[in-house]
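The structure under discussion appears below in the form of structure tokens.
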């Protein structure tokens with residue numbers, strides 16, 4: 270019985286976290302947008318506009334359910350739920366700290382890849398169900414983009430997994446710090462198992478994983494449909510893209526899914542490439558910084574700090590770069606990122622055979 | 222609890238599959254097919270085949286189903302109408318074929334189950350005796366990988382070449398003529 274209660278409480282806690290994160294991420298997004306565009310951002314509601322997003326969500330909740338008269342009612346109503354649940358399930362295998370994760374499975378990474386694919390179905394459902402040309406165009410663009418960019422993401426993850434030799438996200442995180450079960454070599458030559466810190470992260474264990482992480486980061490930006498890859502919801506061409514017809518709480522769920530997805534991919538990148546819950550501070554001689562800053566609470570803290578930093582960079586990019594054109598987007602994916610990812614995969618194989626014998 | 226979940230997934234798979242073939246609205250049927258695939262993935266989990274279950278979702282939901290929906294959206298309505306206007310009589314040509322196929326499949330499965338219940342094959346008994354049974358906590362993926370690269374290397378490579386051929390063929394078909 271106790272186990273069942275935990276199985277109910279954990280998802281509720283994660284949902285609460287996603288909702289809270291979205292509230293503050295929207296606020297941060299608007300503040301960053303304001304900073305980049307040399308204005309103040311929200312200032313009216315609360316001190317420094319802190320209550321602005323709370324006010325926004327209250328307004329969204331009160332709104333009427335409007336279903337267009339020619340829409341496919343069932344698909345239209347189900348789409349936001351599926352989009353949100355797809356992303357929400359992804360959090361079930363993410364490690365927050367050492368052994369702190371809802372489900373410790375051997376297929377964790379693969380599971381996330383599969384679950385993110387469900388998101389595409391939800392978007393297609395929203396586009397088709399709305400029975401609106403803009404929505405359909407937006408969703409078709411979104412799918413073309415998501416299906417294409419799943420390939421570089423997959424290849425990047427495979428290159429990393431070839432080095433880590435496991436799909437278990439908990440083990441991947443463990444083997445990037447002072448609590449590792451096997452020896453860690455900085456750039457393949459210097460044993461840093463006892464030093465830990467930033468030197469033991471996957472991107473520094475093998476230098477080409479830095480390139481792989483860059484590919485992963487760019488491709489996941491496209492997976493989340495974030496600027497500069499936001500052609501599915503290009504306001505100047507498509508009004509709102511696949512969520513044009515949505516309002517009220519349904520729109521809130523689509524919005525929640527978008528921000529949850531941002532956090533999910535940021536956290537996935539952190540766990541696989543940037544050391545997960547491991548501390549960035551290394552042991553320097555007698556100064557045992559890594560030993561002092563590793564533990565369950567420290568782990569959760571570092572996961573948060575790293576993931577939020579990545580989310581911050583995502584926002585910074587959104588407000589800095591202009592939107593890609595559809596053909597440029599596909600060129601970038603198929604002609605640049607996929608070949609580089611393939612080369613990195615080959616290097617991973619060679620590295621495994623020649624360096625990590 | 223587990224038994225209950227198993228039957229729930231099984232019932233979901235069967236009922237949604239029946240709905241998929243009987244629905245008049247093709248778009249809804251295609252989206253409902255997602256439920257069937259998902260329930261099937263759940264059933265694979267009960268067979269301790271977690272890799273197969275996730276591959277099912279990744280390949281069928283993320284790839285095949287989206288392709289089907291795209292094909293449906295891009296095909297013209299006249300063509301679809303033509304497909305739907307098959308004979309409504311029960312004993313029509315397509316019905317007989319599918320009926321035969323399903324009865325044959327059902328017979329094969331019942332025969333298999335009865336035969337196994339009467340006498341479990343030798344190799345299964347031997348493996349149980351030698352304790353070579355998959356546990357829920359085992360890491361199937363590394364075993365699968367090793368098997369693929371050693372024992373099943375030839376079929377694995379043949380399938381890869383086959384997929385590559387399909388890819389090249391697809392890009393050749395979609396190429397613009399005389400666009401040099």
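Residue numbers (the numbering used here), protein chains in the order written: chain W, 270 to 626; chain V, 222 to 401.
Every residue gets a Cβ at the ideal spot worked out from N, C-alpha and C, and that includes glycine.
From a predicted model like this one, the values you see are computed outputs, not experimental measurements.
Between the C-alpha atoms of residue 542 of chain W and residue 440 of chain W there is a straight-line separation of about 13 angstroms. Distance from the CA of residue 339 of chain W to the CA of residue 396 of chain W, rounded to the nearest whole angstrom, comes to 13 angstroms. Here residue 298 of chain W is buried, its C-beta having at least 16 other C-beta atoms within 10 Å.
Between residue 357 of chain V and the set V/267, V/382, V/256, the nearest pair of CA atoms involves V/267.
For the beta strand (DSSP E) assignment, the stretch 439-463 of chain W encloses no uninterrupted run of at least 3 residues. The beta carbon of residue 548 of chain W is closer than 8 angstroms to those of 446, 465, 466, 558, 559, 562, 563, 567, 571 in its chain, skipping five residues each way along the sequence. Contacts with chain V (Cβ-Cβ distance below 7 angstroms) from the stretch 433-451 of chain W involve 436, listed in chain order.
In the same chain as residue 429 of chain W, and ignoring 5 residues on each side of it, the C-beta atoms closer than 7 angstroms to its own belong to 471, 478, 481, 541, 542, in chain order.
By a beta-carbon distance limit of 8 angstroms, residue 517 of chain W contacts residue 329 of chain W. Their separation comes to about 6 angstroms. Contacts between residue 343 of chain W and chain V, judged by CB atoms closer than 8 angstroms, involve 249 in chain order. Excluding residues up to 5 positions away in sequence, 314 lie with their Cβ nearer than 7 angstroms to the Cβ of residue 324 of chain W in the same chain.
Taking residue 279 of chain W as the centre and dropping the five residues before and after it, the same chain places the C-beta of 371 closer than 8 angstroms to its C-beta, in chain order. The C-alpha of residue 283 of chain V is placed about 27 angstroms away from the C-alpha of residue 506 of chain W. For the options W/596, W/461, W/612, W/521, the alpha carbon positioned closest to that of residue 552 of chain W is the one of W/461.
The criterion of a C-beta distance shorter than 8 angstroms is not satisfied by residue 362 of chain W and residue 589 of chain W. By the rule that beta-carbons nearer than 8 angstroms mark a contact, residue 389 of chain V does not touch chain W. Residue 427 of chain W is positioned such that its CB atom lies no closer than 8 angstroms to that of residue 475 of chain W. Just so you know, the alpha carbons of residue 468 of chain W and residue 454 of chain W end up roughly 9 angstroms apart. Burial is judged here by how many other beta carbons sit within 10 angstroms of a residue's own beta carbon; residue 386 of chain V has fewer than 16 and is exposed.
Residue contact with chain V for residue 383 of chain W: present (Cβ-Cβ distance below 8 angstroms to some residue of chain V). Residues of the stretch 254-277 of chain V with a Cβ closer than 9 angstroms to any Cβ of chain W, in chain order: 255, 259, 262, 271, 272, 274, 275, 276, 277. Within the DSSP bridge table, the entry for residue 369 of chain W names W/366 as partners.
Its Cα nearest to that of residue 578 of chain W, the residue W/294 stands out among W/353, W/294, W/623. Taking a Cβ-Cβ threshold of 8 angstroms, the residues of chain W close to residue 286 of chain V are 390, in chain order.
Shown here, residue 556 of chain W sits in a strand according to DSSP, grouped into three states. Judged by DSSP secondary structure, residue 361 of chain V falls within the alpha helix (DSSP H) whose first and last residues are 361-370. Between residue 620 of chain W and residue 367 of chain W, the CB-CB gap reaches or exceeds 8 angstroms.
Around the C-beta of residue 311 of chain W, 16 or more other C-beta atoms lie within 10 Å, and the residue is accordingly described as buried. With a threshold of 16 other beta carbon atoms within 10 Å, residue 391 of chain V falls short and is exposed.
By the C-beta density criterion, residue 222 of chain V is exposed, having fewer than 16 other C-beta atoms within 10 angstroms. In this structure the stretch 597-617 of chain W does not touch the stretch 230-245 of chain V; the number of beta carbon pairs closer than 8 angstroms is below three. Taking 8 angstroms as the threshold, the shortest C-beta distance from residue 282 of chain V to chain W falls below it. An exposed status is given to residue 456 of chain W, since fewer than 16 other beta-carbon atoms sit within 10 Å of its beta-carbon. From the beta-carbon of residue 290 of chain V, the residues of chain W found nearer than 7 angstroms are 393. Secondary structure of residue 542 of chain W (DSSP, three-state): coil. Considering only beta carbons, the part of the stretch 332-362 of chain V lying closer than 9 angstroms to chain W consists of 358, 359, 360, 361, 362, in chain order.
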